[in-house]
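Novice: Remember, the numbering used here sits 45 above the position in the sequence shown when you count from 1. The C-beta atom is built at its ideal place from N, Cα and C for all residues, glycine as well. Once you've had a glance at the structure underneath, I'll fire off some questions.
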Amino acid sequence: MLETKLLSFTQQHLTEAGTIIRQGGLVAFPTETVYGLGANALDANAVSDVFRAKGRPSDNPLIVHVYCKEQIYEIANSVSDDALKVIDHLMPGSVTIVLPKKADVVPDCVTAGLATVAVRMPLSQEARQFLQYCKVPVAAPSANTSTRPSPTTWQAVNEDMSGKIDAILCGKACDVGIESTVLDLTSDTPRILRPGIVTASQIEAIIGKSVVVITNPKEKVNSPGVRYKHYAPKCDMVLNLDGDIAKLCNYYDQCVEKGQKPVLLVQDVAKYGNRQCYPLGETDEQVAHNLFAALRHCEKRYDIIIASYTGKGEVADSVINRITKSAGQKII
Ligand code: AMP
Ligand code: MG
Numbered sequence: 046m047l048e049t050k051l052l053s054f055t056q057q058h059l060t061e062a063g064t065i066i067r068q069g070g071l072v073a074f075p076t077e078t079v080y081g082l083g084a085n086a087l088d089a090n091a092v093s094d095v096f097r098a099k100g101r102p103s104d105n106p107l108i109v110h111v112y113c114k115e116q117i118y119e120i121a122n123s124v125s126d127d128a129l130k131v132i133d134h135l136m137p138g139s140v141t142i143v144l145p146k147k148a149d150v151v152p153d154c155v156t157a158g159l160a161t162v163a164v165r166m167p168l169s170q171e172a173r174q175f176l177q178y179c180k181v182p183v184a185a186p187s188a189n190t191s192t193r194p195s196p197t198t199w200q201a202v203n204e205d206m207s208g209k210i211d212a213i214l215c216g217k218a219c220d221v222g223i224e225s226t227v228l229d230l231t232s233d234t235p236r237i238l239r240p241g242i243v244t245a246s247q248i249e250a251i252i253g254k255s256v257v258v259i260t261n262p263k264e265k266v267n268s269p270g271v272r273y274k275h276y277a278p279k280c281d282m283v284l285n286l287d288g289d290i291a292k293l294c295n296y297y298d299q300c301v302e303k304g305q306k307p308v309l310l311v312q313d314v315a316k317y318g319n320r321q322c323y324p325l326g327e328t329d330e331q332v333a334h335n336l337f338a339a340l341r342h343c344e345k346r347y348d349i350i351i352a353s354y355t356g357k358g359e360v361a362d363s364v365i366n367r368i369t370k371s372a373g374q375k376i377i
């Protein structure tokens, strides 16, 4: 059991965080999407510890976080014209690009044996400060225990990781709240392997060609992470996507009759009478921001989360991707 230090953004603590990373330790840090669990991406032992701390299957590769664009060329073998455009216009930002990797630089455990590497340059000033002090590329998955909702506050990281990692850089709550868009640029057809706040239309406008959004799980073989149980709260959860308020109320009432303690996780809490509700947020961006924190809040207080989300469009689709998995595909 490690003593997990809680660090702040003072020069002294940032220096300490950078030293821990260079010495092979693990530091969780905020980004604008979710908190990441960082290790020196060039140190295979440190990276193995990330998998151990999270209980993450070793065939699920990590994203390498860089501070500056030059670092991309240190780990990627070739950067296509499409990739150059994305790097120019969308990085730093909430997009991760998959590129051919420099096999002699990036250890196999980072990329789960793939010939490619996923690279991201976060937008958040806190993340950028941390990466600057690390002076090495930082491999970082989300800083949650595997299968749990991603952490969007340092307190959520502490719940899952206390005693398992060296330090947590305690920054702001994450603005975006869901993980980065993963964009595969290793072939002529750009493909979104995981949807996020950076959308296919934004990418298409920049690279001037269509982007395929992979939606069929059977096609997702190139991004192993999407196969696993994901984002699940500790309590039961069901989801409604058509906004049928009568059905939701009925489901809630049946849970109460069975002696359960349900909560409605909904966008418009005024519509459910005096039933117990928790606000999911109104706009799609607010829902993305709130979702994982709301799941962690509700799992501590209720037996079952009855969620409802009716967003439409590209950002909504990214939210639906997460919330459907949280509910274990249990749609009512
Ligand atoms: P996480 O950081 O926990 O959000 O997980 C990282 C995501 O990026 C997972 O869905 C991985 O499957 C995906 N990923 C990381 N590296 C690669 C890669 N080389 N090719 C495709 N997907 C990747
Ligand atoms: Mg994750």
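Report the three-state DSSP secondary structure of valine 266 (helix, strand or coil).
Specialist: With a pLDDT of 47 at valine 266, under the threshold of 50, the modelled position of this residue cannot be trusted, and the question is left open.
Novice: For the ligand AMP, is there any heavy atom lying closer than 7 Å to the beta carbon of aspartate 104?
Specialist: No, since every heavy atom of the ligand AMP falls outside the 7 Å radius drawn around the Cβ of aspartate 104.
Novice: Could you tell me the alpha carbon to alpha carbon distance between leucine 284 and glycine 373, rounded to whole angstroms?
Specialist: Going by the C-alpha atoms only, they are around 9 Å apart.
Novice: Is the separation between the beta-carbon of lysine 209 and that of alanine 98 shorter than 8 Å?
Specialist: A contact, by the Cβ cut-off of 8 Å.
Novice: Go through its chain and collect everything with a Cβ distance to threonine 231's Cβ below 7 Å, but skip five positions before and after it.
Specialist: Within the same chain, threonine 231 has close Cβ partners Val143, Leu144, Pro145 and Thr161.
Novice: Per DSSP, what kind of secondary structure is isoleucine 65 in: helix, strand or coil?
Specialist: If DSSP states are grouped into helix, strand and coil, isoleucine 65 belongs with the helices.
Novice: Rank Gln305, Ala333 and Ile290 by C-alpha distance to the C-alpha of aspartate 313 and give the top, closest one.
Specialist: If we check each option's Cα against that of aspartate 313, Ile290 comes out closest.
Novice: CB of alanine 333 to nearest heavy atom of the ligand AMP: below 7 Å?
Specialist: Not so, every heavy atom of the ligand AMP lies at least 7 Å from the Cβ.
Novice: Using C-beta distances below 6 Å, list every residue in its chain close to isoleucine 376, excluding the 5 sequence neighbours before and after it, in chain order.
Specialist: Once the five neighbours on either side are set aside, the close Cβ partners of isoleucine 376 are Leu284.
Novice: Within 7 Å: the Cβ of valine 72 and any heavy atom of the ligand AMP?
Specialist: No, the ligand AMP has no heavy atom inside 7 Å of this Cβ.
Novice: For the beta strand (DSSP E) that contains isoleucine 132, what are its first and last residues?
Specialist: That residue, isoleucine 132, is in no beta strand (DSSP E); its alpha helix (DSSP H) goes 126–135.
Novice: Is proline 167 buried or exposed, if buried means 16 or more other CB atoms sit within 10 Å of its CB?
Specialist: Classification of proline 167: buried, given that the 10 Å Cβ count is 16 or more.
Novice: So, using beta-carbon positions, are alanine 184 and valine 92 closer together than 8 Å?
Specialist: A contact, by the Cβ cut-off of 8 Å.
Novice: Apart from the five residues on each side of it in sequence, which residues of its chain come closer than 7 Å, Cβ to Cβ, to leucine 159?
Specialist: Only Pro106 meet the Cβ criterion.
Novice: DSSP three-state label for alanine 98, please.
Specialist: Residue state, collapsed to three classes: helix.
Novice: So what does histidine 58 bridge to, in DSSP terms?
Specialist: BP columns for histidine 58 are empty, so no partner.
Novice: Leaving aside the five residues before and after arginine 367 along the sequence, list all residues of the same chain whose C-beta is less than 7 Å from its C-beta, in chain order.
Specialist: Ile223, Tyr276 and Leu336, listed in sequence order.
Novice: With 16 as the cutoff for other CB atoms within 10 Å, does proline 240 come out buried or exposed?
Specialist: Buried, by the Cβ-count rule.
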